[in-house]
Amino acid sequence: MDDLIIILPCEYEAQFKYLKNEEQNEINCSVCKNHMIDVRECFEMTRNKFTIKQRELELEMNDFSIMRKDFITKKDELKLNIRKKSDDVINQIDCRREEVKLAMNKLIDDYYFDLLETIRIRTSNIESNLDQKLQEIEQYEILNIAKDSDITSKIELLTNNLDQTQKLTESLKKLLTDPNQDDKIEFYFSNNYKYNIDEMFGRIEPDSNVQYKKIGKLIGHNDFVSCFESINKDKILSGSSDKTIKLWNKTTGECLKTFYGHKDSVNTLCLINDEEFLSGSFDRTIKYWNINRKQCLKTFNVNEYYYSDFKM
Ligand SMILES: [Zn+2]
């Protein structure tokens, strides 16, 4: 952007970089020194506007191409990651299924044994009540009337005996016709057992938390970055229109080395192994490098004017 040629109102030219910081101001024309320049207006002039927009588009396309290449390179890695997460969740669901089955079995068994215990206690209670009643009936005898008691006392005793006998007769009648009437000899249980399968399985999410993310910016080239290659997990090579190739530490973003030698834009890079690589340039050469050496090891001259990507 800095090297863009901007046409001044006086038809002289100036580089963008001398004007960009003055955008809010009026400055003296540093070329003809005859007039003031409103920098913002100057940038708005049709020819300049066109040049600036054109360069902005080029820069944007450059960023886009780099990211597109990165995305295409990492496409398989992304898919693999999706599959990995999916497999991980399936594994967890398989385990959870077995756990839920065991838990369900235990719940059912616990409930069943609780029911058995309740019935046992209830049966025993009813039985002992019945025994008590039987004993009462078996041992029942009316009270004898003493011969020497007066008539009033005799009537009172007779009345008591009659009442007591009537009560027991009534009770016997009930037991014989419908045993449940007296003491509910019934066994029933309300079915209020509830379960929620969603809750039993619970929340399941992948353990591996690998995500595609931007790790940093590599700052150092003076012109377009036209190509790059990952050497291994830690290092990356980039070729630029500034005629150089740079070796970077991927994690820290530090430029480890700059390879000089090409006389024009570096357009393409090709890795041979973790140390050796080739570079192609608009200077019509291919150069052979080792990342541990400063100078290129060999230069091949290419006759065709233009070539794009090449692969070994
Ligand atoms: Zn001027």
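According to full-length UniProt numbering, the residues represented by the sequence shown are 1 to 312, in order. We put the CB at the ideal spot given by N, CA and C, even for glycine. What you are looking at is a predicted structure, and each value in this text was computed from that prediction instead of being measured.
Note to self: Rounding to the nearest angstrom, what Cα-Cα distance links Ile-219 and His-262 in this structure?
What the structure shows: Start at 1 with the first residue of the sequence shown, and residue 219 comes out as number 219. Start at 1 with the first residue of the sequence shown, and residue 262 comes out as number 262. Roughly 20 Å between the two C-alpha positions.
Next item on the list: Within the same chain, show all residues whose beta-carbon is closer than 7 Å to that of Asn-290, passing over the 5 residues directly before and after it, in chain order.
Entry: As a first step, residue 290 is located in the sequence shown; it is residue number 290 there, counting from the start. Correct list, in chain order: Glu-275, Glu-276, Leu-297.
Check: Which two residues bound the contiguous alpha helix (DSSP H) that contains Gln-164?
Finding: Against the sequence shown, residue 164 aligns to sequence position 164. Start and end: 151-177.
Next item on the list: Please report how far the alpha carbon of Ala-146 lies from the alpha carbon of Thr-152, in whole angstroms.
Entry: Taking the first residue of the sequence shown as 1, we reach residue 146 at position 146. Taking the first residue of the sequence shown as 1, we reach residue 152 at position 152. Approximately 12 Å between the Cα atoms of the pair.
Next item on the list: State buried or exposed for Ser-240, treating a residue as buried only when at least 16 other CB atoms are found within 10 Å of its CB.
Entry: Residue numbering aside, residue 240 sits at position 240 when the sequence shown is read from its first letter. Buried, because 16 or more other Cβ atoms sit within 10 Å of the Cβ of Ser-240.
Notebook entry, point to check: Which class does Tyr-288 belong to by DSSP, given the choice of helix, strand or coil?
Noted result: Against the sequence shown, residue 288 aligns to sequence position 288. It is a strand residue.
Item checked: Chain-ordered list of residues that sit, by beta carbon, closer than 6 Å to a heavy atom of ligand 1 -> Leu-8, Cys-10, Tyr-12, Cys-29, Val-31, Cys-32, Asn-34, His-35
Next item on the list: Assuming residue 391 contacts His-221 (C-beta within less than 8 Å), just tell me the rounded distance between them.
Entry: A question about residue 391 goes unanswered here, because the residues of the chain that appear run from 1 up to 312.
Notebook entry, point to check: By a C-beta neighbour count over all protein chains shown, 10 Å radius and 16 as the cutoff for buried, is Cys-32 buried or exposed?
Noted result: The sequence position of residue 32 within the sequence shown is 32, counting from 1. Answer is exposed; the Cβ neighbour count stays below 16.
Checklist line | Thr-46 - DSSP class collapsed to helix/strand/coil | finding: To locate residue 46, count along the sequence shown from 1; it is residue 46. If DSSP states are grouped into helix, strand and coil, Thr-46 belongs with the helices.
Notebook entry, point to check: Under the three-state reduction of DSSP, which class applies to Val-31: helix, strand or coil?
Noted result: Within the sequence shown, numbered from 1, the residue matching residue 31 stands at position 31. Three-state DSSP puts Val-31 in coil, outside helix and strand.
Next item on the list: Specify the secondary structure class of Asp-38 as computed by DSSP and reduced to three states.
Entry: Walking along the sequence shown from the start, residue 38 turns up at place 38. In this structure, Asp-38 counts as strand in the three-state DSSP scheme.
Notebook entry, point to check: Secondary structure at Lys-74, three-state DSSP: helix, strand or coil?
Noted result: Sequence index remark: in the sequence shown, residue 74 carries index 74 (1-based). DSSP places Lys-74 in helix when its eight states are reduced to three.
Item checked: Residue span of the alpha helix (DSSP H) that contains Ile-142, given as start and end -> Start at 1 with the first residue of the sequence shown, and residue 142 comes out as number 142. Per DSSP, Ile-142 belongs to no alpha helix (DSSP H) and is neither H nor E.
Check: If you draw a straight line from the C-alpha of Phe-310 to the C-alpha of Ser-279, how long is it?
Finding: Counting from one through the sequence shown, the residue named residue 310 turns up at place 310. Counting from one through the sequence shown, the residue named residue 279 turns up at place 279. Because Phe-310 carries a pLDDT of 49, less than 50, the predicted location of this residue cannot be relied on, and the following value inherits that uncertainty. Cα to Cα, Phe-310 sits roughly 10 Å from Ser-279.
Next item on the list: Run the proximity test for Gly-202: is its beta-carbon closer than 8 Å to any non-hydrogen atom belonging to ligand 3?
Entry: Because ligand 3 does not appear in the structure shown, any question about it cannot be addressed here, the ligands present being ligand 1.
Note to self: Nearest by alpha-carbon distance to Tyr-195: which of Asp-131, Asn-129, Ala-103 is it?
What the structure shows: As a working note, residue 195 is residue 195 in the sequence shown. The shortest C-alpha separation from Tyr-195 is found at Ala-103.
Check: Can you tell me the Cα-Cα spacing of Lys-294 and Gln-92, whole angstroms?
Finding: Position 294 of the sequence shown, counted from the start, is the residue given in the question as residue 294. Position 92 of the sequence shown, counted from the start, is the residue given in the question as residue 92. For Lys-294 and Gln-92, the distance between alpha carbons rounds to 52 Å.
Next item on the list: Return the CA-CA distance between Asn-249 and Lys-287, expressed in angstroms with no decimal places.
Entry: Here residue 249 corresponds to residue number 249 of the sequence shown, with the count starting at 1. Here residue 287 corresponds to residue number 287 of the sequence shown, with the count starting at 1. Using only the alpha carbons, I get a separation of about 22 Å.
Notebook entry, point to check: Is it buried or exposed for Ser-246, if we count other Cβ within 10 angstroms and need 16 for buried?
Noted result: The sequence position of residue 246 within the sequence shown is 246, counting from 1. What sits at residue 246 in the sequence shown is Lys, not Ser. Answer is buried; the Cβ neighbour count reaches 16.
Next item on the list: Can you tell me the Cβ-Cβ gap for Tyr-59 and Cys-29, rounded? I've got them flagged as a contact below 8 Å.
Entry: Within the sequence shown, residue 59 is the residue found at index 59, counting from 1. Within the sequence shown, residue 29 is the residue found at index 29, counting from 1. Looking at the sequence provided, one finds Leu at residue 59 rather than Tyr. No, Leu-59 and Cys-29 are not in contact; Cβ-Cβ is about 28 Å, not under 8 Å.
Next item on the list: Compute the distance between the beta-carbons of Met-1 and Arg-55, then report whether it is under 9 Å.
Entry: The count along the sequence shown starts at 1 and reaches residue 1 at position 1. The count along the sequence shown starts at 1 and reaches residue 55 at position 55. Yes. Within cutoff.
Next item on the list: Let me know the secondary structure DSSP gives Ile-90 once reduced to three states.
Entry: By one-based count along the sequence shown, residue 90 stands at place 90. Three-state result, Ile-90: helix.
Check: What is the DSSP secondary structure of Thr-118, reduced to helix, strand or coil?
Finding: Stepping through the sequence shown from its first residue, residue 118 is reached at position 118. Three-state result, Thr-118: helix.
Notebook entry, point to check: From Tyr-18 to Ile-27, what does the alpha carbon distance come to, in whole angstroms?
Noted result: Locating residue 18 in the sequence shown gives position 18, where the first residue counts as 1. Locating residue 27 in the sequence shown gives position 27, where the first residue counts as 1. For Tyr-18 and Ile-27, the distance between alpha carbons rounds to 11 Å.
Margin query: Among Ile-121, Asn-125, Val-39, whose alpha-carbon lies nearest the alpha-carbon of Glu-13?
Written below: The residue given as residue 13 occupies position 13 in the sequence shown. Considering only alpha carbons, the answer is Val-39.
Margin query: Using the three-state DSSP reduction, which class does Gln-15 fall into: helix, strand or coil?
Written below: To locate residue 15, count along the sequence shown from 1; it is residue 15. Residue state, collapsed to three classes: strand.
Next item on the list: Below 7 Å CB to CB, which residues in the same chain sit around Val-210 once its five sequence neighbours on both sides are set aside?
Entry: Within the sequence shown, the letter at position 210 stands for residue 210. Legend: pLDDT at Val-210 = 46, less than 50; position of this residue unreliable, value from coordinates given subsequently. Same-chain partners within the cutoff: Asn-81.
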